[in-house]
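Encoded as structure tokens, the structure appears first; notes follow it.
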Amino acid sequence: MSAEIGHFALLLAFAIAIAQFVVPLVGASRGDPALMAFGRAAAGLHGGLIALSFVCLMAAFAMPDFSVALVAEHSHSTQPLIYRLGATWGNHEGSMLLWVLILAVFGALIAVTESGMRETLRARVLGIQGGIGALFLAFIIFTSNPFHRLFPAPIEGSELNPLLQDPGLILHPPLLYVGYVGFSVAFAFAAAALIEGRADAHWARAVRPWVLLAWTALTAGIAAGSHWAYYTLGWGGWWFWDPVENASLMPWLVGTALLHSVSVLERRGALISWTLLLAILAFTLSLIGTFLVRSGVLTSVHAFAVDPSRGIFILGMVVGQTGVAFALFAWRAPSMRSGALFGAVSRESGLVANNILLASAAATVFLGTFYPVLLDVTGGDKISVGPPYYALTFAPIMAALLLVLSAGPMLQWRRDNWAHLWGRLRRPALIGGAVALVTVVIAGPAKLLVVAGFALAAWVLAGAAAILVHRWRLGSNEGSLVRRLRATPPSIYGLVLAHIGVGVFAAGVTAASAFSSDRVATMRPGEQVVIGGVTARLDTVAPMQGPNFTAVRAEFTLINGIRARVVASERRVYPVSGTRTTVAGIAEGVFGNTYVAIGDPGDGAPNGALVVRLYDHPLVGWIWAGPLLMALGGLMSLTDRRNRIGAPARVARPGAPALVPVPA
Amino acid sequence: MKRLIFIAPLVILAAIIVAFAAGLQRDPAILPSQLLDQPLPAFALASVEPGQAGFGSATLRGRPVLLNVWASWCAACKVEHPELLAMNAAGVPIFGLVWKDQAEAAVAVLTTSGNPYRATADDADGRTGINLGVTGAPETFVVDAHGRVRYKQVGPITRDVWLNTLSPLLTKLRAEA
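As structure tokens, then:
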């Protein structure tokens, strides 16, 4: 029964989304408050209906109700409840429903919060959100119905891919989707601004929290996905330049650029059309991220729903949304007020440099991901693009970005000069130089990349600290340090945290790629091997029984000096699907991980011995701690009054531009 | 002139969409192989596994076999790995050409994830890959009893590919031989 309710709610939501698309847009152009108010009501209802539909699907998975085809394909009664629930979005149809759920909830949030946004802007944003929602609902209803029934119902379902039966599944896709869909809000704002012919500080202030939220979630989501790959794939890789990973990286890069350019628009009224373009691009790349990989254009490990007939529909959606937005952009943007002027050395130009580098990085990844497709279509060879390409193209751009990253926040708005900038950056530069020297001494001058990596990381970390020091020193006549600490707004702490995250990440990547080591050993219980200064002793090997798998479990004691830790690696067999997976035993530490993975018992090793693969990954945890800090920085900034979703605009300060909402 | 810049995104999008639309019309798995119905180019390589025998084009004659091109750095190879293990368990002879990879890294995959190959061959510099016309990993050549390439599978071997393409073809080739 619940499946029918869910399906019906979906159909109803589709009808309402169409109304939400048309009515408020008409209302805004006519200046009719009743029609605009309808948009808010429709958005609330739209959100409620999709939520109902999603709950129905989750209920079917929880039962589990195998008469629903989707449940039968992705759930098994022995699967633990948490993974039956997680399976709701561990498949194409369910993940689509999650996508529209987040979209509709965001729409409802815009509708119900008191943001002090001007009503015409809100009505247009809601209208465009309704249009996006209607397109996706049509896609779900006509090509990917999650509520399709089976008759007769099977007694048992087939299993969710065991690699997906992991806490990573609970976190990674929803976070990514909050990120992707958050950019749809930025897209709706951009399209609304183009329709209105106006993007000003008011607009920037209204869109900024959404960009920040999307960016924060996407950052955390990508990091969660990378960590998941690290411990489930059983060989310690953390990034593969797979098309689907690239597809999440591209909106992140463009979204990071957008986050910075929005602040220029908000503070200085500059970079208007560029910001609008970035907002459109961030969502377009998100669309490509979620959907193009499922269309069969690209082959990828993540392509769990390759179906060319869906591909045509998806292309239609990209044309319908991005095409219209770009057409609006071509038509309206040239006549929009062009931005304020700024000097060649200024905060604005620092952020322009940031934007150019991030956009180039995104273009590099785009080219690497889609060049094989383009080459194939133009009659050339079939090729694949791998890590060497990115090492040669992406890495130098990122290095340049790290170089300007510490300078940006130290620059004054409008106009600054090199001498002052150098005065503020002298210490971070000295620290970076000192770290470079120390690295040369330890690692040798031949390891140029290692030296550069650590020096840049130190420069970024010291630069982030210098922001606070500089700020506190400036306010030294405003009372005690505690007072100054408290007077610093959360958005500044957010910025500093995020930049620290970048430095931590850079250090982690440098160390993990330069100093990782590994070895393979044949071990019997009681035997020891040494890896990266850690002695690993195999203690026990025993069979074990999980809820829906059987496994061989090997326990190791890792001794590092006086400290001993116990880790376990498992080799699991899921009898329902016959799949084997490895669970690595990982001793995580601040200075590095020791990673142990066992092979199949009796496979290639004589009587009773186990083939064991051991890795030493120095500083690898920093690769995820960095993005986590960035996301924390994003959250911190979200608590700032000026970035809070739904917080009413503050009464204009004397001398600041007026923020009075324009009467509808 | 300024206006043109603002139209540029639309034009670029249109070009990309046309390319994707064309891409959708093609099956990414179909690749014209220069070698189709031609004998396999001659090669003889050492194994990546210490102390094991490698293989060469001569080894592959006598019965229909699969020549699987893979590498430890290739994510899609990990997808097809369980399928290869199952096929090996069912008695299908699979030979693994380790393409542009470090031997230790490849051995590590085999020891931790299982070894579906009758033998492996170390093509670290990708020379044999060039002669075979390998465009990416994974690729799988179906070689008949006379050592001729009869089919080339590009991309991972899924259950579907095995059941609907490779398995019927192997049955046919066994009947020929």
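Which chain is which? The protein sequence lines are U and X, in order.
Anchor point for the first sequence: position 405 equals 405 in the working numbering, and the numbering is continuous, going up by one each time.
One rule links them: number in the working numbering = place in the second sequence (from 1) + 664.
C-beta: ideal position from N, C-alpha, C; glycine also.
Would you mind reading off the limits of the beta strand (DSSP E) that contains residue i?
i	result
M544(U)	534-545
K816(X)	813-818
F240(U)	Neither: F240(U) is in no beta strand (DSSP E) and is coded neither H nor E.
V807(X)	803-807
Going by the CB atoms, is the gap between residue j and residue i shorter than 9 Å?
i	j	result
G633(U)	L495(U)	yes
L761(X)	T792(X)	yes
F38(U)	F183(U)	no
R642(U)	R40(U)	no
G237(U)	A229(U)	yes
D416(U)	V345(U)	yes
G133(U)	A28(U)	no
A42(U)	A3(U)	no
T216(U)	L629(U)	no
R537(U)	I559(U)	yes
F735(X)	F759(X)	This sequence places Ala at residue 735(X); Phe is not what is there. Going by C-beta atoms, A735(X) is not nearer than 9 Å to F759(X).
G712(U)	A511(U)	For chain U, the structure presents residues 1 to 664; residue 712(U) sits outside this window and is missing.
W89(U)	L169(U)	yes
T804(X)	N732(X)	yes
With a cut-off of 9 Å, does the C-beta of residue i fall near any C-beta of chain U?
i	result
P673(X)	yes
R812(X)	no
P746(X)	yes
L647(X)	Here chain X has residues from 665 to 841 only, and residue 647(X) is not among them.
L700(X)	no
A739(X)	yes
Which partner residues of residue i appear in the DSSP bridge assignment?
i	result
F719(X)	L709(X)
A568(U)	E555(U)
Y667(U)	No statement about residue 667(U) is possible, as the shown extent of chain U runs from 1 to 664 and does not include it.
L449(U)	Per DSSP, none; premise fails for L449(U).
R267(U)	In DSSP, R267(U) forms no bridge with anything.
A783(X)	F759(X)
Q528(U)	R537(U)
Y389(U)	According to DSSP, Y389(U) bridges with nothing at all.
V573(U)	T550(U), R580(U)
Determine, using beta carbons only, whether residue i comes closer than 9 Å to chain X.
i	result
T579(U)	yes
D518(U)	yes
S158(U)	no
D616(U)	no
P334(U)	yes
A305(U)	Annotation note: pLDDT 43 at A305(U) (below 50); position unreliable, no value reported.
I5(U)	no
V716(U)	Outside the shown range of chain U (1 to 664) lies residue 716(U), about which nothing can therefore be said.
R40(U)	no
P657(U)	Here P657(U) scores only 41 on pLDDT, less than 50, and its place in the model should not be relied on; the value that follows carries that caveat. False, the Cβ-Cβ gap to chain X never drops below 9 Å.
F394(U)	no
A330(U)	yes
T667(U)	For chain U, the structure presents residues 1 to 664; residue 667(U) sits outside this window and is missing.
S300(U)	For S300(U), the predicted structure reports a pLDDT of 43, less than 50, and the residue's modelled location is therefore unreliable. A value from the coordinates is still provided. Judged by the 9 Å Cβ criterion, S300(U) is in contact with chain X.
In terms of residues, what are the limits of the alpha helix (DSSP H) holding residue i?
i	result
E747(X)	739-753
V520(U)	Not the alpha helix (DSSP H): V520(U) falls in the beta strand (DSSP E), residues 517-523.
V112(U)	92-112
F189(U)	167-196
A224(U)	201-232
N145(U)	Segment: none, N145(U) is in no alpha helix (DSSP H) and carries neither H nor E.
V665(U)	This structure cannot settle anything about residue 665(U), because the visible part of chain U is limited to 1 through 664.
H46(U)	33-62
I155(U)	Counting along the chain, I155(U) falls outside any alpha helix (DSSP H), and DSSP gives it neither H nor E.
Look up residue i in the DSSP assignment and say whether it is helix, strand or coil.
i	result
I758(X)	strand
I586(U)	strand
P703(X)	strand
N732(X)	strand
A679(X)	helix
T579(U)	strand
T78(U)	coil
T550(U)	strand
V68(U)	strand
L411(U)	coil
R118(U)	coil
Any heavy atom of the ligand SAM closer than 8 Å to the Cβ of residue i?
i	result
L761(X)	Here there are no bound small molecules, and the ligand SAM is not part of this structure.
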